[in-house]
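Residue numbers (this note's numbering): 236 to 521.
From the three backbone atoms N, C-alpha and C, an ideal C-beta is built for every residue, glycine too.
What you are looking at is a predicted structure, and each value in this text was computed from that prediction instead of being measured.
Report on the following structure.
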Ligand SMILES: Nc1ncnc2c1ncn2[C@@H]1O[C@H](COP(=O)(O)OP(=O)(O)OP(=O)(O)O)[C@@H](O)[C@H]1O
Ligand SMILES: [Mg+2]
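Here is the structure:
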């Protein structure tokens with residue numbers, strides 16, 4: 236890993252084609268919505284989202300997990316669910332968003348499933364996307380917390396869903412490409428006016444020191460080039476039990492409740508719930 240290295244602004248090439256996108260208007264923000272994002276794909280967003288939902292539910296919160304990766308949905312796949320209805324029915328105008336919510340009994344939370352491989356979902360016209368966002372904000376009133384598992388990158392869908400959230404948790408690993416893409420997400424998010432509440436989760440760390448170094452590499456780049464200081468919301472150790480639970484399509488808190496990763500997720504969940512209530516108070520007080 237490049238822990239001892241520093242990042243330069245010019246190495247954020249991977250998803251930088253959106254660099255000069257105009258600022259988006261500020262959206263109505265849900266006070267209880269958390270978006271889970273990453274620059275690079277495959278860093279653990281979906282696993283994290285599912286586990287966060289499960290953990291929050293175990294802590295007594297009423298939670299909805301929305302599969303916002305419109306092109307490559309996979310929340311239902313990780314949990315082995317057969318979704319009878321999904322976002323496609325909403326996009327096609329057949330059902331309202333509240334009608335495609337399904338309860339995930341084992342985890343005690345609700346899910347809105349996406350439709351994998353549905354290219355048309357990832358390329359929704361802006362108007363449809365705004366309608367979807369508005370319905371989500373409405374549905375969110377019935378929950379303590381709504382989590383959105385976003386697609387990788389910073390496309391229009393990701394920007395809009397992230398902008399409607401109270402806060403965005405940005406997942407990175409110590410891989411240089413993951414870090415530079417996380418930096419690009421913060422940079423573009425800043426340009427689009429949605430970065431104020433981004434905090435960082437470092438996933439798959441070998442130990443706490445390495446995780447801190449990874450975070451500091453990202454932090455330094457943000458301070459130097461963007462004058463931003465995204466806080467660290469936590470880190471999760473690399474743990475073979477993560478893969479094992481995904482392979483068994485069973486949540487880690489059920490399959491391996493005493494694993495390192497489960498322990499780290501509990502810590503993060505407590506912290507995120509605290510951060511969320513502070514952010515919601517700030518929104519409420521204008
Ligand atoms: N803490 C961890 N320890 C070990 N492996 C992990 C950890 N977190 C994630 N993984 C591995 O990373 C893989 C990818 O996870 P996941 O599908 O949740 O990523 P993603 O960011 O949602 O990907 P995509 O961008 O394709 O949607 C998992 O299959 C799992 O094996
Ligand atoms: Mg995913």
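- Taking residue 424 as reference, the option from 479, 403, 408, 441 with the minimal CA-CA separation is 403.
- Relative to ligand 1, residue 343 has its C-beta separated by 7 Å or more from all heavy atoms.
- For the 8 Å CB-CB criterion, residue 298 and residue 291 form a contact.
- In the DSSP assignment, residue 289 falls within the alpha helix (DSSP H) that extends over 280-293.
- Judged by DSSP secondary structure, residue 312 falls within the alpha helix (DSSP H) whose first and last residues are 310-314.
- For the segment 446-491, the continuous alpha helix (DSSP H) assignments of 4+ residues that do not extend past its boundaries occur at 475-482, 487-490, in sequence order.
- An exposed status is given to residue 516, since fewer than 16 other beta-carbon atoms sit within 10 Å of its beta-carbon.
- Not one heavy atom of ligand 1 lies closer than 7 Å to the C-beta of residue 295.
- Look at residue 472: its beta carbon is less than 7 Å from one of the heavy atoms in ligand 1.
- In this structure, the C-beta of residue 478 stays at least 7 Å away from each heavy atom of ligand 2.
- Nearest in C-alpha terms to residue 471, of all of 482, 445, 379, 464, is 445.
- By the Cβ-count criterion, residue 416 is buried, with 16 or more other Cβ atoms from all chains shown falling within 10 Å of its own Cβ.
- The three-state reading of DSSP puts residue 382 in strand, counting E and B together.
- Per DSSP, the continuous alpha helix (DSSP H) segment holding residue 393 begins and ends at 391-398.
- About 13 Å separates the beta carbon of residue 401 from that of residue 509, a gap too long to meet the 8 Å contact definition.
- For residue 318, the secondary structure class from DSSP, reduced to helix, strand or coil, is coil.
- The Cβ neighbour count for residue 338, taken over all protein chains shown within 10 Å, is under 16; the residue is labelled exposed.
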